[in-house]
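Contents: one structure, followed by commentary.
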Amino acid sequence: MKSWTEFHIAIVYFAGLFIALTTSILVVLYLQQFKSVIKKLTEKFDILWHRGFISTIIIAGLLGAMAVSFRNCNGEYDYLLKSENATISKGLEQVSSSFTYVSLVLGLWLIIFLILSLTRNKNKMPSN
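Using my numbering, read the sequence shown as starting at 510 and increasing by one per residue.
Below, the structure written as structure tokens:
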């Protein structure tokens, strides 16, 4: 095959989105085993776990994948039609960006849960 068509580029693009979505869902499923610990930390804010936590992880994965532009500075993607390697590298960049966004969001949630844990333990400490 000498060059790719727009269909091939679309396959790489949507495969990157699918991998990003699948990875985000797998991260959420993996974290289900810690659900009781997180619920204990967020007793007052139970809706925080169900809606906010899960949706931000999935949205971060998709947003990271969609942040990669397949077009060049002129708004064209002709360079991808001429090079399979450039198309594959854009797809890998898309997946890598998705992983980065998910990692950042998980780090932010870790900070939130640490703050909730510290404030919860502060209330239980005896005052002098």
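All C-beta atoms in this analysis are idealised placements derived from N, C-alpha and C, irrespective of residue type, glycine included.
In whole angstroms, what is the alpha-carbon distance linking Y588 and V536? Here residue 588 refers to the residue found at position 79 when the sequence shown is read from its first residue. Here residue 536 refers to the residue found at position 27 when the sequence shown is read from its first residue. Cα to Cα, Y588 sits roughly 34 Å from V536.
Enumerate in chain order the residues of its own chain whose CB-to-CB distance from L625 is below 7 Å, with the five nearest sequence positions on each side excluded. Your numbering for residue 625 matches position 116 in the sequence shown. The residues are L550, T551.
If S599 sits next to V521, beta carbons under 8 Å apart, how far is it from one beta carbon to the other, in whole angstroms? Against the sequence shown, residue 599 aligns to sequence position 90. Against the sequence shown, residue 521 aligns to sequence position 12. In the sequence on display, residue 599 carries Lys and not Ser. Correct: roughly 7 Å between the Cβ atoms.
Distance check for Q603 and G573, CA to CA, integer angstroms please. In the sequence shown, residue 573 corresponds to position 64, counting from 1. In the sequence shown, residue 603 corresponds to position 94, counting from 1. Spanning the two alpha carbons is a distance of roughly 7 Å.
If I measure Cβ to Cβ from F579 and keep anything under 7 Å in the same chain, skipping five residues before and after, which residues do I get? What you label residue 579 is simply residue 70 of the sequence shown in a count that begins at 1. Hits under 7 Å: I518, Y522, Y586, L589, K599.
I need the straight-line Cα distance from L613 to L623, nearest angstrom please. Your numbering for residue 613 matches position 104 in the sequence shown. Your numbering for residue 623 matches position 114 in the sequence shown. Rounded to the nearest angstrom, the two C-alpha atoms are 15 Å apart.
Could you give the C-beta distance for I566 and L617, rounded to a whole number, given that I count them as a contact under 8 Å? What you label residue 566 is simply residue 57 of the sequence shown in a count that begins at 1. What you label residue 617 is simply residue 108 of the sequence shown in a count that begins at 1. No, I566 and L617 are not in contact; Cβ-Cβ is about 10 Å, not under 8 Å.
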